[in-house]
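Working notes for the structure below.
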Amino acid sequence: MMFYKIGIFGAVLMLAACGTPEYRAEQSQCRTTWNAKIPPRLERELYTRTETRRVPTGRTICRPQGNRTICDQVMRVESFSVPAVRTVDRNKPRRDAQIKACAQNTCLKKFGNPECKAPK
Numbered sequence: 000m001m002f003y004k005i006g007i008f009g010a011v012l013m014l015a016a017c018g019t020p021e022y023r024a025e026q027s028q029c030r031t032t033w034n035a036k037i038p039p040r041l042e043r044e045l046y047t048r049t050e051t052r053r054v055p056t057g058r059t060i061c062r063p064q065g066n067r068t069i070c071d072q073v074m075r076v077e078s079f080s081v082p083a084v085r086t087v088d089r090n091k092p093r094r095d096a097q098i099k100a101c102a103q104n105t106c107l108k109k110f111g112n113p114e115c116k117a118p119k
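This is how it looks when you write it as structure tokens:
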């Protein structure tokens with residue numbers, strides 16, 4: 000679960016780093032405008048979350064250590080599903096599309112391209 004969260008955080012960080020500073024500035028202005036036009040509509044929904052746990056297999060592995068024998072249980076990873084609740088913004092896909100279009104249109108007008116790259 001920890002690696003999953005780290006992976007998600009890394010992906011979000013990489014996406015946030017995309018684009019030029021000028022594009023991010025335009026995107027920020029568009030986000031302010033479109034957050035007012037299409038406000039978040041938060042709803043709670045039930046979903047099935049998959050989790051894992053380590054369970055013993057019933058086998059043991061023993062090894063001698065000096066005058067003692069040390070035994071460890073053999074474990075396996077088991078997946079299981081649990082019901083969970085999450086909060087979802089139902090307007091986010093619509094709003095994000097408008098923010099992207101707004102930023103690209105503004106960049107196209109100011110820089111001549113949708114990425115806000117300065118002409119060379």
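Those letters in the sequence shown? Residues 0 to 119, per numbering that gives the first Met the number 0, in order.
C-beta: ideal position from N, C-alpha, C; glycine also.
- In this structure, T56 and R40 do not form a Cβ contact; the two beta carbons are roughly 47 Å apart against a cut-off of 8 Å.
- For C70, the beta-bridge partners assigned by DSSP are C61.
- A residue is called buried when at least 16 other Cβ atoms come within 10 angstroms of its Cβ; A83 does not meet this threshold and is exposed.
- Per the Cβ contact rule, the region 46-54 is not in contact with the region 98-109 (fewer than 3 Cβ pairs under 8 Å).
- DSSP links E44 through a beta bridge to R85.
- About 6 Å separates the Cβ atoms of R93 and I37, confirming a contact at the 8 Å cut-off.
- The beta-bridge partner set that DSSP reports for T51 consists of S78.
- Counting the other CB atoms within 10 Å of its CB gives I60 a total below 16, which places it among the exposed residues.
- Between V87 and E44, the CB-CB gap stays under 7 Å.
- Per DSSP, P118 is not a residue of any alpha helix (DSSP H), being assigned neither H nor E.
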